[in-house]
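Taking it in order: structure first as structure tokens, then the write-up.
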Amino acid sequence: MPVTKTAKRAQRSSKRKENINKKLVTKLEVLLRVAQKSKKEKDIIAAVSTIDRTAKKHIIHKNKAARMKSSLSRLLPRKPRVKKSLPQKTKNSKKK
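Each residue of the sequence shown is one higher than the one before, starting from 1 at the first, in the UniProt record's numbering.
Structural data, given as structure tokens:
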């Protein structure tokens with residue numbers, strides 16, 4: 001049991017933060033499940049934004065967030081690569 005006023009305030013504050021963090025983690029888990037099942041781009045984007053938000057608030061570690069985003073991005077179909085054409089080189093004439 002907290003003894004001082006500040007300890008009681010800190011306990012209330014930590015309880016509030018704990019509830020908020022649990023809600024975010026639960027939302028993240030649900031969005032991950034939905035994104036992995038549907039494999040739709042909009043679901044994956046929603047999951048990635050929630051991953052970023054939770055990592056920003058230090059609820060999950062940034063490396064874990066990167067791993068999660070990487071695994072989600074593998075679910076998206078690959079876009080064909082567009083080859084960039086290089087400009088043709090011209091022969092330089094030597095100055096005399």
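Just so you know, even glycine gets a beta-carbon here, dropped at the ideal spot from N, CA and C.
Query: CB contact flag (residue 72, residue 47, <7 Å); Result: yes
Query: Option in 2, 17 and 89 with minimal Cα separation from residue 58; Result: 17
Query: Distance between beta carbons of residue 50 and residue 31, contact taken as under 8 Å; Result: 5 Å
Query: Burial state of residue 68 (16 or more Cβ within 10 Å); Result: buried
Query: Best match in 61, 86 and 75 for proximity to residue 33 [C-alpha to C-alpha]; Result: 75
Query: The alpha helix (DSSP H) enclosing residue 97, as first and last residue numbers; Result: Past the edges of the chain, shown from 1 to 96, lies residue 97, and the structure says nothing about it.
Query: Assigned secondary structure, residue 59 (DSSP; H/G/I helix, E/B strand, else coil); Result: coil
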